[in-house]
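Colleague:
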Amino acid sequence: MPRSSMLFPRTLLLLALFFGVALPVQAALEVECPGSVGEGEPFVVRVHSDTPLESVTIRFLGKELRPVVSEGEGRAQAWALLGIGMHERRSGSEFPLVIEAQTPTESLVEKRTIRRTDKKYEEQWLDVADKFLNLKGYELKRHHLEQEAVKQALARISPSRAYTLPLTKPVDGRTSSTYGLRRFFNKIPKRPHSGWDIAATEGTPAVACADGLVTLAGDHFFAGNSVYIDHGQGLVSMYFHLSKIEVAEGQAVRRGETVGLIGATGRVTGPHLHWGISVLGELVDPNLLVGN
Ligand SMILES: [Zn+2]
0 MPRSSMLFPR TLLLLALFFG VALPVQAALE VECPGSVGEG EPFVVRVHSD
50 TPLESVTIRF LGKELRPVVS EGEGRAQAWA LLGIGMHERR SGSEFPLVIE
100 AQTPTESLVE KRTIRRTDKK YEEQWLDVAD KFLNLKGYEL KRHHLEQEAV
150 KQALARISPS RAYTLPLTKP VDGRTSSTYG LRRFFNKIPK RPHSGWDIAA
200 TEGTPAVACA DGLVTLAGDH FFAGNSVYID HGQGLVSMYF HLSKIEVAEG
250 QAVRRGETVG LIGATGRVTG PHLHWGISVL GELVDPNLLV GN
């Protein structure tokens, strides 16, 4: 090989350094996320890049989300709300988080591990009417049909985001049951409490925690009169035990708009709102998403 051609690349490199010519560098993806998350907690993942991003895909707990990419201070950025619900039977405590971004020229991948930490939740021992523990055949059938509709409502991952954080607390009132309570009905262990119970006088309006679309509204066996709102990007809010539903399926609602009136329908001991939040199907503590 002639000596000149061996020298040529090095000469170019020196020239480039001398004159400050930018050499092609590998685009980088910056990812901000917590290393560990308490059981039942929501968390935010932020992605930044100096290179324009055409799309971002986030994979976590078997779900896939494409957060909206925007420009800010000359950088591409995106964020997503994720969470780890309380699953007694989910094995393992380390879950992979994969972030894939597409630039105009290449595909970037970043991987993280989110560690789930145990969280101490209180226990609640209640005596409830037998009709809610020993469902009759037709009640069980009704409950299963309702659960199928609920499953569909929680599985929605609409592409645009209608909400901003923090969320609005749907009703003022004292907490009658916190999220995560490990419940025992007539001494039998049940699934932990999946929402936040806020006590209020019957008839008090319960409002939407953010803008969204009503995807399910009806009278359910356990939850009573219920409303489900899709806020986009996998966030769904739930309002249970209403005395009256004031919205209809398919209706767009704004943050602060009344969705129903506080009541005591379904399996309850007194008038309150059970407010639930689902993030990509994970039921997380709503209390951690409201402003102070
Ligand atoms: Zn509740």
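Take the sequence shown: its position 47, counted from the start at 1, is 46 in numbering that gives the first Met the number 0, and no numbers get skipped. Cβ atoms here follow ideal geometry from the backbone N, Cα and C, with glycine treated the same way.
1) Considering only their Cβ atoms, is the gap separating P204 from T167 smaller than 7 Å?
2) In whole angstroms, give me the CA-to-CA distance for E292 and G262.
3) Can you tell me whether N133 is helix, strand or coil according to DSSP?
4) Do I83 and R45 have their C-beta atoms within less than 7 Å of each other?
5) Touching or not, the segment 84–103 and the segment 36–45, by the rule of three or more beta carbon pairs under 8 Å?
6) Kindly indicate which residue of T112, G290, D210, R190 has the alpha-carbon position closest to the one of L234.
7) Quick check on M0: buried or exposed, where buried means 16 or more other Cβ atoms within 10 Å of its Cβ?
8) Have a look at L279 and I113 and give me their C-alpha separation to the nearest angstrom.
9) Using three-state DSSP, classify R173 as helix, strand or coil.
10) Please work out which residues of its chain come closer than 6 Å, Cβ to Cβ, to A100, disregarding the five sequence neighbours upstream and downstream, and give them in chain order.
11) So, at 6 Å on beta carbons, what are the nonlocal neighbours of F131 in its own chain, with the 5 sequence-adjacent residues on each side left out?
12) Is any heavy atom in ligand 1 found nearer than 6 Å to the beta carbon of G265?
13) Just to check, is the beta-carbon of D196 closer than 6 Å to a non-hydrogen atom of ligand 1?
14) Between the beta-carbon of Y238 and the beta-carbon of V252, is there less than 7 Å?
15) If you draw a straight line from the C-alpha of T200 to the C-alpha of H230, how long is it?
Modeller: Walking through what the data contain:
1) One thing to note: T167 has its Cβ no nearer than 7 Å to the Cβ of P204.
2) This structure does not reach residue 292, given that the chain is present from 0 up to 291, and the question cannot be answered.
3) Coil, per DSSP.
4) The answer is no: Cβ separation not under 7 Å.
5) With the cut-off at 8 Å, the segment 84–103 and the segment 36–45 touch.
6) Per the Cα distances, D210.
7) The predicted model places M0 with a pLDDT of 41, which falls under 50 and marks its position as unreliable; any figure quoted below should be read in that light. With fewer than 16 other Cβ atoms within 10 Å, it is exposed.
8) Cα to Cα, L279 sits roughly 16 Å from I113.
9) Looking at R173 - three-state DSSP - the assignment turns out to be coil, as it is neither helix nor strand.
10) Counting only Cβ-Cβ distances below 6 Å, and skipping sequence neighbours, we find L28, L52, V55, L107.
11) Only R266 meet the Cβ criterion.
12) No, the Cβ of G265 stays beyond 6 Å of every heavy atom of ligand 1.
13) In terms of side-chain proximity, the C-beta atom of D196 is found nearer than 6 Å to a non-hydrogen atom of ligand 1.
14) No; because the gap between Cβ atoms is not below 7 Å, this pair is not in contact.
15) Taking the CA atoms as reference points, T200 sits about 27 Å from H230.
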